[in-house]
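Visitor: Residue 36 in full-length UniProt numbering sits at position 36 of the sequence shown, with consecutive numbering throughout. I'd like to ask you about the structure that follows.
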Amino acid sequence: MEGIHHKSVRVNRLNIHIAEKGEGPLVLFVHGFPELWYSWRHQILYLADHGYRAVAPDLRGYGNTTGALLDDPTKFTIHHLVGDLIGLLDAITNQEEKVFSSIILLKTLTVEWTTIEVYNRRYGLGMKECIHNGGFQRDVPLLEEVVVMEGVAHFINQDKPHETNNHILEFLNKF
1 MEGIHHKSVR VNRLNIHIAE KGEGPLVLFV HGFPELWYSW RHQILYLADH GYRAVAPDLR
61 GYGNTTGALL DDPTKFTIHH LVGDLIGLLD AITNQEEKVF SSIILLKTLT VEWTTIEVYN
121 RRYGLGMKEC IHNGGFQRDV PLLEEVVVME GVAHFINQDK PHETNNHILE FLNKF
């Protein structure tokens with residue numbers, strides 16, 4: 001796809017598939033469930049065109065990443081996923097590179113799978129009001145801005161890629 005390069009990187013006994021494009025400061029895009037690197041294709045192209053090295057892996061158990069024991073759920077904890085990402089960053093960068101990071105936590109990555117149904121019932125209702133009325137400032141006091149995009153669902157980076165790209169670039173340019 002339009003100059004996106006694919007390769008496999010050996011990390012934590014896995015062959016992690018990555019899609020990458022561009023040169024400059026590294027931006028790592030991490031997909032959620034049930035996605036692949038492909039979810040970030042619009043952002044990879046856009047940021048590469050704006051002077052960044054955009055990288056999106058297929059996480060353990062997804063896409064073209066191989067080596068994970070798919071029948072062993074104990075190997076798919078958040079600690080394993082974070083360890084894979086740290087190992088990947090170590091493998092694809094050198095000491096001289098300055099790596100910026102911003103982690104967007106999805107509730108499906110931070111809550112035990114067995115409690116998601118309860119979590120959704122407890123916190124799902126009223127979430128829109130919380131977002132629109134500044135509720136995030138209570139939990140994230142250093143938060144400067146909340147961007148609300150109307151007319152999109154869960155996959156905002158695919159529903160409105162141009163608007164999402166502009167917001168990401170605006171954020172990165174602050175550094």
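For glycine and all other residues, C-beta sits at the position ideal for the given N, C-alpha and C. Quick caveat, the model's predicted, so the values are computed rather than measured.
#1: On the DSSP letters alone, give me the boundaries of the beta strand (DSSP E) that Val27 sits inside.
#2: Confirm, please, whether the CB-CB distance from His42 to Asn133 is below 8 Å.
#3: Starting from the Cα of residue 182, find the closest Cα among Glu144, Gly135, His162, Glu96 and give me that residue.
#4: Does the beta-carbon of Leu14 have 16 or more other beta-carbons within 10 angstroms, so that it is buried, or is it exposed?
#5: Compute the distance between the beta-carbons of Trp40 and His50, then report whether it is under 8 Å.
#6: Considering just the uninterrupted stretch of the beta strand (DSSP E) at Leu14, what are its terminal residues?
#7: How many Å lie between Ser8 and His17 at the Cα?
#8: Please go through the same chain and pick out, in chain order, the residues whose beta-carbon is closer than 6 Å to the beta-carbon of Val27, but skip the five residues on each side of it.
#9: Between the Cα of residue 179 and the Cα atoms of Ile131, Glu35, His5, which residue gives the shortest distance?
#10: Quick one: what does DSSP say Arg60 is sitting in, helix, strand or coil?
#11: Taking DSSP as the reference, what is the three-state secondary structure of His6?
#12: How many angstroms separate the CA atom of Thr74 from the CA atom of Ile44?
#13: Just tell me which of Val11, Ala91, Pro161, His79 has its CA closest to the CA of Thr65.
#14: Evaluate Asp58 with the Cβ neighbour count: other Cβ atoms within 10 Å of its Cβ, from every protein chain shown; 16 or more gives buried, anything less gives exposed.
#15: Considering Tyr38, what are the terminal residues of the alpha helix (DSSP H) in which it resides?
Guide: Quick answer:
#1: Segment 26 to 28, the beta strand (DSSP E) holding Val27.
#2: No; because the gap between Cβ atoms is not below 8 Å, this pair is not in contact.
#3: The question about residue 182 has no answer, for the chain in this structure spans 1 to 175.
#4: Buried, because 16 or more other Cβ atoms sit within 10 Å of the Cβ of Leu14.
#5: Contact: no.
#6: In this chain, the beta strand (DSSP E) harbouring Leu14 covers 14 to 21.
#7: Taking the straight line joining both Cα atoms gives about 4 Å.
#8: If we look at Val27 and ignore the five residues flanking it on each side, its Cβ neighbours are Leu47, Tyr52, Ala54.
#9: No answer is possible for residue 179: the residues shown for the chain start at 1 and end at 175.
#10: DSSP places Arg60 in coil when its eight states are reduced to three.
#11: DSSP places His6 in strand when its eight states are reduced to three.
#12: Put simply, the backbone Cα of Thr74 is about 31 Å away from that of Ile44.
#13: Thr65 has its Cα closest to that of Val11, out of Val11, Ala91, Pro161, His79.
#14: Looking at its Cβ environment, which holds 16 or more other Cβ atoms inside 10 Å, Asp58 is buried.
#15: No alpha helix (DSSP H) contains Tyr38, which DSSP labels as neither H nor E.
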